[in-house]
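Numbering (UniProt numbering), first residue to last: 1 to 552.
Below is one structure, written out as structure tokens; comments come after it.
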């Protein structure tokens with residue numbers, strides 16, 4: 001019989017005063033399963049550290065460890081089909097002297113054969129090409145020289161190793177129908193439905209098979225983990241859309257009972273101007289009611305209000321930037337305040353994922369943006385675009401974001417934070433509403449009436465032309481525009497009251513030591529006053545001691 005040993009250095013965790021440690025061959029009838037107090041635990045191989053042991057393995061009685069047969073019997077050198085020019089030497093991990101049989105970063109027991117046969121991706125045998133090259137893959141259309149490729153010697157078919165097993169039928173969050181893989185598209189101009197870049201119709205892509213639906217996506221874009229739930233749907237029946245419960249119940253007297261306010265009925269008021277006192281806000285979007293219709297509570301002592309459009313928000317939606325359905329939740333049911341798209345803190349309603357995506361939530365304003373999107377600051381429709389490798393720069397705030405709204409005609413970029421800014425806002429007691437404008441579409445140079453600073457180039461601002469009132473966005477709305485006065489916010493174990501900053505004298509911020517200029521401010525239990533949440537995080541919690549739990 002063969003004998004196999006691990007070397008024994010002074011710092012070796014397997015050291016038991018022996019220079020060589022014997023391994024015993026075990027051949028069980030059932031797969032090795034370990035348990036402690038009736039709880040099943042996973043046992044890792046002492047060499048490669050994978051937890052699949054099986055029925056045959058080697059066991060070290062001295063250190064109480066199991067080892068794969070392939071790991072123990074690994075030769076000191078190896079000729080790999082992935083690297084035929086040189087022999088590969090067995091690598092010993094120095095940190096704890098474990099034997100690790102890796103070739104090209106792959107465990108020996110998981111090495112793939114150098115050829116692939118009888119695979120549905122291609123009708124001929126695919127042979128491994130032993131050199132990295134810039135040959136374009138027929139499946140994804142990319143020439144990634146960092147990927148191994150397989151080639152067909154009969155028909156010049158080339159495919160990346162990781163593209164061989166791409167699914168044929170999938171459902172992505174960007175499209176309402178399933179999309180299917182095709183090796184080529186009809187000859188015409190194609191734009192990817194995700195990244196908005198051109199698709200070469202001579203290479204593989206995913207397209208919609210529904211009649212009169214012209215939609216295609218790059219193979220790499222369609223299989224992003226943020227857009228696809230990793231499920232292959234080939235030969236799977238189409239899902240039947242279940243009826244979604246409406247957000248409210250209509251009563252016989254014309255009132256409604258909204259799911260977010262079940263205790264009292266609500267009545268539709270035709271003109272919301274009667275509540276335009278700057279103190280009442282829609283509970284869903286946390287914006288004041290300037291005009292239009294709104295639902296109000298029939299109780300005189302209850303100021304619960306919803307814009308008509310917010311009252312009709314569906315309970316479940318499918319969003320272009322997430323592959324699971326999102327459920328509408330009122331402000332009092334969720335503990336997370338910030339949106340994953342803006343990102344901003346808000347006391348309003350949110351759409352939350354309950355399919356294993358922990359903490360993911362979209363503010364109702366961000367979740368309501370459709371594709372394409374028409375924004376009042378731009379003349380062309382905007383398309384939802386996301387890229388995992390880089391961030392686009394917003395044309396209004398100059399900030400960077402991975403998910404943006406892009407114009408494919410002129411290069412205009414809008415982040416979700418700027419896209420959801422209110423179109424019209426009231427300033428103090430001015431009877432006119434200020435309108436959000438964009439510098440490049442306006443003439444002249446403007447000065448902010450509040451801070452007296454200039455409005456920078458390529459930035460957004462609020463203005464009413466007749467009375468020539470112009471304000472920076474932050475000067476008018478403040479740093480926390482969707483935090484409604486009268487609320488209380490809990491950060492860690494401390495609570496802060498959100499109050500209106502409408503006194504004749506502006507108080508001094510306990511953090512930045514400047515006068516609070518925003519419309520709201522935060523007051524701590526012992527009376528400290530802060531301009532914004534940022535000042536609370538930065539000054540009250542001592543320069544970064546704030547951890548994630550304080551956001552929950």
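Glycine is no exception: its CB is placed at the ideal position from the N, C-alpha and C atoms.
At least 3 beta-carbon pairs within less than 8 Å: the region 319 to 331 vs the region 344 to 359: Cβ pair count under 8 Å is three or more, so yes.
For residue 417: DSSP bridge partner residues: Within the chain shown, numbered from 1, the residue matching residue 417 stands at position 417. The partner list for residue 417 (beta bridge, DSSP) is empty, contrary to what the question assumes.
Residue 139 beta carbon less than 9 Å from that of residue 155: On the chain shown, position 155 is the one that residue 155 refers to. On the chain shown, position 139 is the one that residue 139 refers to. In this structure, residue 139 does not lie closer than 9 Å to residue 155 by Cβ.
Three-state secondary structure (DSSP) of residue 60: Reading the chain shown from its first residue, position 60 is the one you call residue 60. Residue 60 carries a strand assignment under DSSP once its states are collapsed to helix, strand and coil.
Close-in-space but distant-in-sequence residues of the same chain around residue 538 (CB under 6 Å, 5 per side omitted): The residue you call residue 538 lines up with position 538 of the chain shown. Cβ neighbours of residue 538 within its own chain (closer than 6 Å, five residues either side excluded): none.
Contact under 9 Å by Cβ, residue 227 with residue 178: Position 227 of the chain shown, counting from 1, holds the residue named residue 227. Position 178 of the chain shown, counting from 1, holds the residue named residue 178. No.
Segment contact flag, the region 305 to 312 with the region 372 to 392, C-beta cutoff 8 Å, min 3 pairs: By the Cβ criterion, the region 305 to 312 is not in contact with the region 372 to 392, since fewer than three pairs of Cβ atoms, one from each stretch, lie closer than 8 Å.
Pairwise C-alpha distance: residue 47 and residue 64: The count along the chain shown starts at 1 and reaches residue 64 at position 64. The count along the chain shown starts at 1 and reaches residue 47 at position 47. In this structure, the straight-line span from the alpha carbon of residue 64 to that of residue 47 is close to 13 Å.
Beta-carbon proximity list for residue 171, same chain, < 7 Å, skipping 5 on both sides: By one-based count along the chain shown, residue 171 stands at place 171. Excluding residues within five positions, the ones whose Cβ falls inside 7 Å are 178 and 233.
Among 504, 189, 293 and 297, nearest to residue 263 - alpha-carbon criterion: Here residue 263 corresponds to residue number 263 of the chain shown, with the count starting at 1. That would be 297, whose Cα lies nearest to the Cα of residue 263.
Where residue 364 falls: helix, strand or coil (DSSP): If you number the chain shown from 1, residue 364 lands on position 364. Here residue 364 sits in helix by DSSP.
Residue 465 to residue 377 span [Cα, whole Å]: Position 465 of the chain shown, counted from the first residue, corresponds to residue 465. Position 377 of the chain shown, counted from the first residue, corresponds to residue 377. So the two alpha carbons sit approximately 16 Å from each other.
Same chain, Cβ closer than 8 Å to residue 315, neighbours up to 5 away in sequence not counted: As a first step, residue 315 must be located in the chain shown, where it is residue number 315. These residues qualify, in order along the chain: 244, 245, 246, 247, 259, 327 and 328.
Exposure label - residue 98; buried when at least 16 CB within 10 Å: In the chain shown, counting from the first residue as 1, residue 98 sits at position 98. The predicted position of residue 98 is uncertain, since its pLDDT is 47 and thus under 50; no value can be drawn from it.
Segments assigned beta strand (DSSP E), at least 3 residues, entirely inside the region 374 to 420: Runs found: 383 to 386, 403 to 406 and 413 to 415.
Whole runs of the alpha helix (DSSP H) within the region 150 to 234, excluding any shorter than 4 residues: Runs of the alpha helix (DSSP H) spanning 4 or more residues and lying entirely within the region 150 to 234 occur at 219 to 222, in chain order.
Proximity of residue 519 and residue 501 at Cβ, strictly below 9 Å: As a first step, residue 519 is located in the chain shown; it is residue number 519 there, counting from the start. As a first step, residue 501 is located in the chain shown; it is residue number 501 there, counting from the start. The answer is yes: Cβ separation under 9 Å.
For residue 125: DSSP bridge partner residues: Along the chain shown, read from residue 1 onward, the residue named residue 125 stands at position 125. Residue 125 is not bridged to any residue.
Residues bridged to residue 117 (per DSSP): For the purposes of this step, residue 117 is taken as residue 117 along the chain shown, with counting starting at 1. Residue 117 pairs with nothing; no bridge assigned.
Cβ pair residue 499, residue 536 closer than 9 Å: Position 499 of the chain shown, counted from the first residue, corresponds to residue 499. Position 536 of the chain shown, counted from the first residue, corresponds to residue 536. Cβ atoms of residue 499 and residue 536: not closer than 9 Å.
Short Cβ contact (9 Å threshold) for residue 284 with residue 317: Locating residue 284 in the chain shown gives position 284, where the first residue counts as 1. Locating residue 317 in the chain shown gives position 317, where the first residue counts as 1. Against a cut-off of 9 Å, the Cβ pair of residue 317 and residue 284 comes out as no contact.
Burial state of residue 369 (16 or more Cβ within 10 Å): Taking the first residue of the chain shown as 1, we reach residue 369 at position 369. Classification for residue 369: buried.
Contacting residues, own chain, Cβ-Cβ under 8 Å from residue 302 (five flanking each side not counted): Translated into the one-based positions of the chain shown, residue 302 becomes position 302. Closer than 8 Å at Cβ, skipping near neighbours: 264.
Distance between residue 410 and residue 469 (C-alpha atoms, nearest Å): By one-based count along the chain shown, residue 469 stands at place 469. By one-based count along the chain shown, residue 410 stands at place 410. Between residue 469 and residue 410, the C-alpha separation is close to 29 Å.
Top-ranked residue by Cα proximity to residue 25, from 345, 45, 451 and 67: As a first step, residue 25 is located in the chain shown; it is residue number 25 there, counting from the start. Closest by alpha carbon: 67.
Three CB pairs or more closer than 8 Å across the region 287 to 294 and the region 219 to 226: Flag = no, the region 287 to 294 and the region 219 to 226 do not touch.
Opening and closing residue of the beta strand (DSSP E) in which residue 294 lies: What you label residue 294 is simply residue 294 of the chain shown in a count that begins at 1. Counting along the chain, the beta strand (DSSP E) containing residue 294 begins and ends at 294 to 297.
Boundaries of the alpha helix (DSSP H) in which residue 475 is found, first to last residue: In the chain shown, the residue the question calls residue 475 occupies position 475. Its alpha helix (DSSP H) spans residues 473 to 477.
Contacting residues, own chain, Cβ-Cβ under 7 Å from residue 312 (five flanking each side not counted): Position 312 of the chain shown holds residue 312. Close CB contacts of residue 312 within its chain, under the 7 Å cut and outside five residues either way in sequence, are with 247 (chain order).
Closest residue to residue 396 among 487, 506, 456 and 489 (Cα-Cα distance): Taking the chain shown and counting its residues from 1, one reaches residue 396 at position 396. Closest in alpha carbon position to residue 396, among 487, 506, 456 and 489, is 456.
N- and C-terminal bounds of the beta strand (DSSP E) containing residue 353: Locating residue 353 in the chain shown gives position 353, counting from the first residue. From DSSP, the beta strand (DSSP E) with residue 353 extends over 350 to 353.
Residue 174 versus residue 323: straight-line alpha-carbon distance, rounded: Walking along the chain shown from the start, residue 174 turns up at place 174. Walking along the chain shown from the start, residue 323 turns up at place 323. Answer to the nearest angstrom: the Cα atoms are 8 Å apart.
Unbroken stretches of the alpha helix (DSSP H), 4 residues or longer, contained in the region 452 to 507: As far as the region 452 to 507 is concerned, its whole alpha helix (DSSP H) runs of at least 4 residues are 473 to 477.
Secondary structure of residue 26, DSSP reduced to three states: Here residue 26 refers to the residue found at position 26 when the chain shown is read from its first residue. Three-state result, residue 26: strand.
Candidates 525, 197 and 532: closest to residue 516 by CA position: Numbered from its first residue, the chain shown carries residue 516 at position 516. The candidate whose alpha carbon is nearest that of residue 516 is 532.
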